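In my numbering, the protein residues as written are 1 to 85.
No residue lacks a Cβ here, since even glycine has one placed at the ideal position from N, Cα and C.
Please read all numbers here as calculations on a predicted model, not as lab measurements.
Notes to accompany the following structure.
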């Protein structure tokens, strides 16, 4: 349940040699982990994706993973997610 005033989304790179989510980047092979959490740092949803796409393209997939579906206003993200894409 989303009761807080703010919701946060963050992405992180993790090295991975194998697996369906592993993808190639110039830094090697790995995956991106995207997580949505409330203002009490409780995870609300997330996704594991290939490392090659930009974080801004993974935001919608991450938000779709939230259960139950809810409006999360405001959503606070880092500068990498601030795009018109």
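Neighbourhood of residue i by C-beta, 8 Å cutoff - its chain only, sequence neighbours within 5 removed
i	result
residue 10	34, 35, 37, 77 and 78
residue 59	9, 34, 77 and 81
Local conformation of residue i per DSSP, three classes
i	result
residue 66	coil
residue 61	helix
Integer Cβ distance of residue i from residue j, believed to fall under 8 Å
i	j	result
residue 31	residue 14	6 Å
Own chain partners of residue i with C-beta closer than 7 Å, once the 5 adjacent residues on each side are dropped
i	result
residue 62	9, 34, 36, 45, 46 and 47
residue 75	7 and 9
residue 65	45, 46 and 47
Neighbourhood of residue i by C-beta, 6 Å cutoff - its chain only, sequence neighbours within 5 removed
i	result
residue 12	33
residue 67	none
residue 43	35 and 37
Residues that residue i bridges to, as DSSP identifies them
i	result
residue 94	Residue 94 lies beyond the stretch modelled for the chain, which goes from 1 to 85, so this question has no answer here.
residue 36	9 and 45
residue 54	Paired residues: none, contrary to the question.
residue 15	30
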